[in-house]
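These notes concern the structure reproduced below.
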Amino acid sequence: MIRKKDKYQERRFVIMGIFVVTAVVLLVKIFILQVVDTSYRQISANSTVRYMTQFPARGTVYDRKNRLLIYNEASYDLMVIPAQVKNLDTNYLCNLLNITKDDFNNRLAKAKKYSRFHPSVFFGQITKEEYGGISDKSYHFHGFYFVNHAVRHYPYSIAAHTLGNIGEVSSKDIENDAYYKSGDLIGKSGIEYYYEKKLRGKKGVKAVVVDVHNREKESFLNGELDTLPVPGCDLVLGLDAELQQYGERLMNGKTGSIVAIEPSTGQILAIVSSPSYDPNALVGRVRGKNYNELLNNEEKPLLNRAASGTYPPGSTFKILNGLIGLQSGVINENSTYICNGPISHPIKCTHNHHSPTSLTEAVENSCNPYFWNVFHDMLNAKTFGGVKNAFDYWYRQVVGFGFGNNFTTDIAFASSGQIPSRNYYDKIYKGIWNEWTVRSLSIGQGEILVTPVQLANYAAAIGNEGFYYPPHLIRAFGDGSPIDSVFTTKITTDIAPEHFKTMKNGMKRVFEGEHGTARGSAIDSISVAGKTGTAQNPHGEDHSIFIAFAPVDNPQIAIAVIVENAGFGSTYAAPIATLMIEKYIRGYVKRTNVERRIMETELK
Amino acid sequence: MRNDAVTFKIDWWIILIYIGLATIGLLTIYAAVFDAEHPAIYDLATSYGRQFLWLTISLAAGMILLLINARFFNNVAYIIYGFAILLLMATLVIGSTVAGSKSWINLGFMSFQPSEFAKFATALALAHYLDKIDRDFNKTRTQLTAYAIVLIPMILVLLQGDAGSALVFSVFLLVFYKEGMSGRILVIGLAAVAIFILTLLTGKTTVIIGIIVICGIILIFTKKRKENFWKIFGIAALVITFSLSVDFIFDNVLKQHQQTRIKIILGLEDDPLGVGYNLRQSKIAIGSGGFCGKGFLHGTMTKYDFVPEHHTDFIFCTIAEEQGFVGVVLLFAVYVTLMIRLVIMANRQRSTFSRIYGYSIASILFFHFFVNIGMTIGLLPVIGIPLPFMSYGGSSLFFFSLMLFVFIKQDANRKDIL
């Protein structure tokens, strides 16, 4: 060790000065806290401060006519702070809550695991009636107290999949968002899930002094520390509760879905998935039990078939293939093809009609050979320079209608369906394939899968003659903030408007034509355009499909209906679609016999 | 070397203060987690039991240190430093994550924070480096090397995500100052912090207008206006640029929870159930202690309603609640005595190594004391660093003791230096 002169020896006084001055500053602040400021003294040695979360009212939900779809009902949570629990009469509490001692111990252990010092929900969602019996005895139980915590109620008992439900947060939710604490409720499905951040509001907190007898005395520091809860934002949906309810009754006893859209806005008017359940069954403490029952039900009532069920579109897809044929120039509105009926090759015709057939007649009769020929000629058109390039063109057009998930939606967990691409076939057939390989696509079979929501959107785009707004549930926010701009941005297809006029004529003939496949479902005084479809189903009976919109010239409703395993499109899907249209446009249904037949039919 | 006489040369004041603080800490931990059903003091299942064990181990280690040759630590300073750097790097790979930062190494039977050890190693390395005859803080080369010695472990700790422990290294600025660094750097550092806070509080526009106004006034009243114009203009431009970059630094360099903690201190945000909870409860506990306190084992705030840190980083609350302002003043007296005593001892060293090492540990203890208590009373953001010798935590107590006893040994042998 070497001795060097300490050149800056005098600087030690600066350092000591810093030490002393800092200590004095700290002491002054502590003096203010402990001696000058008297507000903290109300905490005597025997009382404690309890921070009580003030839960905000979750936003209510209305339909397009301001009818209540979801509102809040009073309910209570029994909270516990494990470190404050003492002298507890466990049996008495168990009796009051009607739980076993084991259950009690589990709950307390769970709360302790979360925190000994922070409150957690001991027993959640106690109804108003139960609360009345327990609340006046709660002072017996040190460390326990009640907080008000509303539950959801669905007055219409409809649209369970769409409205969704709320449940206790999972540990993952808590990890992802520090806003949530154990026992909080969070949207689990439907719009409750999608609009969680809008609906939840902001929690407040109230600091209360609690004395030795577990009684809340006064607001701590005169409420200086309290923050008021901010209520959640109300939602107005595009749904029409009456139409939705009507749709659910029509689908009673059947498996499938109905999706109705307002073409001028993209707002969903009705979205039915059947079988369904009462959304009130997933509220409160019965939620867990009922949820498990629904989960294990063989008919899969929890599955939202309207948004996540995928089906081949069947003949409804012929409209699009016709449009692509017209747009690409391989056919015009007067083009005809020969139909050899049942002996047509490679796809036979299942309908009996005269030949040669025009485009509108082909739509009216759902003629398979006609659309196979259009598809064949389109893929071989010289302008594209090869089948695969032509197929790329076809793919782009199809995706342009929102198939294969080309749009954003606020329907939670919506599936994207599937449109096979050139690469897809290249992979499967190792690059060697042609128009014959993919012939099923011409009549909407094969590798195409679409959701009912996409089908309804497709009907809307045809009705609008070439554009659509992404289908969505939200109509407006209660706080006046604008809805997501993707829902108000028009998406245009690449097909010229005049071609839609041609196809609309064909779709009108589906009802009005002599051979129209849905002529039995025509509605007097309302002009409807539609198309039947029968989707082959390898697992059983074919699916009955129908798309339609009305009135033809200025559509107010576009609809897609799928009834699983119900056979031809004209048998169930077409009458259900037209009943919905009639109900929506006229406000009531004249064809009560059809209505009765549909409602009473159970397909199991 | 006459080790046999070491006991007579030891600075017994320091030993006394050390044992005093550790004992207060132990009793406070006992009070903080006191459970009337299990009142035993020595029980390894309890935190005070374990702390007592660690105090015993630390004292034993301290005794051994007193028997080691005083030159030993000067000689192996770089080895210890290198080992600490390796440990810090290893932590980045094999460390376990606690509360968001990867700063603990788990040894199976115990886990410890290498950053605790790194403080001690950095003090040794710095002292050893500046000890050489040709080292002079007026030389740029010396300055830069000294900064590097501190910055390397600081950055490694920062990479672990432990901003609080990394900040501790900034206190070496005091040591640099003592050894000749310009006092201006200290002032500039403080000014930067002040502008940072002012910008967050009042927004950049206000700060920029304020700076322009102040510079304008200085220009009007300054005598040599022309000569000083560019100087003042330059300073103003620098300060304004800094102020403009505050938002960027705040949003991009600091983590979300750090931003929140700073905002809460500045009163810009209120989060009584989240991060603000600790702080509010801490202030209530301290405030409720009043002038005389509620008495030993009678603090309720800290016992019942508190966050789990009430025996670690927030141990001061328990003391303040149970002993009141009187107890706080006494505690401060002990700490300030310790720090002043360390400065006096450092000043009487003949060897540069011991002197710089002494100032280093005085500064480190000061920083922990200031930031820890500042945080519990809401003067500083919540930075999780322990109160030396008192907070619960084996590795913290052990390394603080190690650091102190090495200096006690240096001091005992100070006369041996020719």
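These protein sequences, in sequence, are chains G and E.
For what it's worth, my numbering labels the leading residue of the first sequence as 694, then goes sequentially.
For what it's worth, my numbering labels the leading residue of the second sequence as 6, then goes sequentially.
Quick reminder that beta carbons are idealized off the backbone N, C-alpha and C, glycines included.
None of these values were measured; they are calculated from a predicted model.
**Prompt:** Is the Cβ of Y134 of chain E closer than 9 Å to any Cβ of chain G?
**Reply:** no
**Asked** Going by DSSP, which residues form a beta bridge with N111 of chain E?
**Response** E:S116
**Request:** Please say whether G1007 of chain G and T1227 of chain G have beta carbons closer to each other than 9 Å?
**Result:** Cβ atoms of T1227 of chain G and G1007 of chain G: closer than 9 Å.
**Message:** Residues of chain G with CB closer than 8 Å to the CB of A417 of chain E, please, in chain order.
**Reply:** Per Cβ cutoff of 8 Å: no residues; A417 of chain E is ~14 Å from chain G at best.
**Request:** At 7 Å on the CB atoms, spell out the chain G contacts of V348 of chain E, in chain order.
**Result:** R705, I708, M709
**Item:** Listed by chain order, chain G residues near I378 of chain E by CB distance under 7 Å
**Value:** L719
**Chain-ordered residues of the segment 1009-1027 of chain G with a beta carbon less than 8 Å from chain E** = none
**Message:** Need the endpoints of the beta strand (DSSP E) that A1215 of chain G sits in, please.
**Reply:** Annotation for A1215 of chain G: no beta strand (DSSP E) segment contains it, and DSSP assigns it neither H nor E.
**Asked** Using the beta-carbon count (16 or more within 10 Å), is N1157 of chain G buried or exposed?
**Response** buried
**Cβ neighbours of F1160 of chain G in the same chain (closer than 8 Å, five flanking residues each side left out)** = Within the same chain, F1160 of chain G has close Cβ partners A1154, K1183, I1184, T1185, T1186.
**CA-to-CA distance, G292 of chain E to K806 of chain G, given in whole angstroms** = Roughly 29 Å separates the two Cα atoms.
**Message:** Report the CB separation of S287 of chain E from F319 of chain E in whole angstroms; it is logged as a contact under 8 Å.
**Reply:** 6 Å
**Message:** Using only the alpha-carbon positions, how far apart do Y1086 of chain G and P1248 of chain G sit?
**Reply:** Taking the Cα positions, Y1086 of chain G is about 28 Å away from P1248 of chain G.
**Asked** In chain E, what lies closer than 7 Å to F839 of chain G by C-beta?
**Response** Here the premise fails: no neighbours, minimum Cβ distance about 18 Å.
**Request:** Output, in chain order, the set of chain E residues within a Cβ distance shorter than 8 Å of T715 of chain G.
**Result:** Within chain E, the residues whose beta carbon sits less than 8 Å from that of T715 of chain G are F371, F375, listed in sequence order.
**Prompt:** Cβ atoms of N1058 of chain G and H846 of chain G: under 9 Å apart, would you say?
**Reply:** no
**Request:** Output the distance between the C-alpha atoms of G925 of chain G and F255 of chain E, rounded to the nearest integer angstrom.
**Result:** 30 Å
**Message:** Just to make sure I have the definition right: I need the residues of chain E whose C-beta is within less than 9 Å of the C-beta of I1188 of chain G. Which are they?
**Reply:** Chain E residues near I1188 of chain G: none, gap ~47 Å exceeds 9 Å.
**Item:** Start-to-end residues for the beta strand (DSSP E) that takes in S1109 of chain G
**Value:** Looking at the DSSP string, S1109 of chain G is not in any beta strand (DSSP E), and its letter there is neither H nor E.
**Prompt:** Mapping DSSP to helix, strand and coil, what is T1130 of chain G?
**Reply:** Annotated three-state conformation of T1130 of chain G is coil, per DSSP.
**Request:** Tell me whether the beta-carbon of K183 of chain E lies closer than 9 Å to the beta-carbon of R704 of chain G.
**Result:** The Cβ-Cβ distance between K183 of chain E and R704 of chain G falls below 9 Å.
**Asked** With C-beta atoms as the reference, is L343 of chain E less than 9 Å away from F412 of chain E?
**Response** no
**Asked** Around the Cβ of I1036 of chain G, are there at least 16 other Cβ atoms within 10 angstroms (buried) or fewer (exposed)?
**Response** Exposed, because fewer than 16 other Cβ atoms sit within 10 Å of the Cβ of I1036 of chain G.
**Prompt:** Three-state secondary structure (DSSP) at A974 of chain G?
**Reply:** helix
**Message:** Alpha carbons only, please: which of E:G87, E:F88, E:S108 is nearest the one belonging to T96 of chain E?
**Reply:** Of the residues E:G87, E:F88, E:S108, the one whose Cα lies closest to the Cα of T96 of chain E is E:S108.
**Item:** DSSP-derived helix/strand/coil call for R743 of chain G
**Value:** strand
**Prompt:** Buried or exposed: which applies to A802 of chain G, given that a residue is buried once 16 or more other Cβ atoms fall within 10 Å of its Cβ?
**Reply:** A802 of chain G should be labelled exposed.
**Request:** Could you work out which residues of chain G lie near M344 of chain E, taking near to mean beta carbons separated by less than 7 Å?
**Result:** Those within 7 Å of M344 of chain E in chain G are F712.
**Residue(s) in a DSSP beta bridge with P964 of chain G** = At residue 964 of chain G the sequence reads Ile, which differs from the Pro that was named. Looking at the DSSP output, I964 of chain G sits in a beta bridge with G:V952.
**Message:** Report the CB separation of L27 of chain E from L60 of chain E in whole angstroms; it is logged as a contact under 8 Å.
**Reply:** Going by the sequence as given, residue 27 of chain E is Ala instead of Leu. Cβ atoms of A27 of chain E and L60 of chain E come within 8 Å of each other, at about 5 Å.
**Asked** So, is the C-beta of Y733 of chain G closer than 9 Å to a C-beta in chain E?
**Response** yes
**Asked** Whole alpha helix (DSSP H) runs in the segment 1134-1199 of chain G with 4 or more residues, listed along the chain?
**Response** 1145-1156
**Asked** Between L384 of chain E and chain G, is there a C-beta pair that is closer than 9 Å?
**Response** yes
**Message:** Quick check: the Cα distance between T246 of chain E and I202 of chain E, rounded to an integer number of angstroms?
**Reply:** Take the alpha-carbon of T246 of chain E and the one of I202 of chain E: they are about 15 Å apart.
**Request:** Examine chain G for any beta-carbon lying closer than 9 Å to the beta-carbon of F311 of chain E, and answer yes or no.
**Result:** Interpretation of F311 of chain E is limited by its pLDDT of 49, a score under 50 that renders its predicted location unreliable; no figure is taken from the coordinates.
**Message:** Below 9 Å on C-beta distance, what does D730 of chain G contact in chain E?
**Reply:** G292
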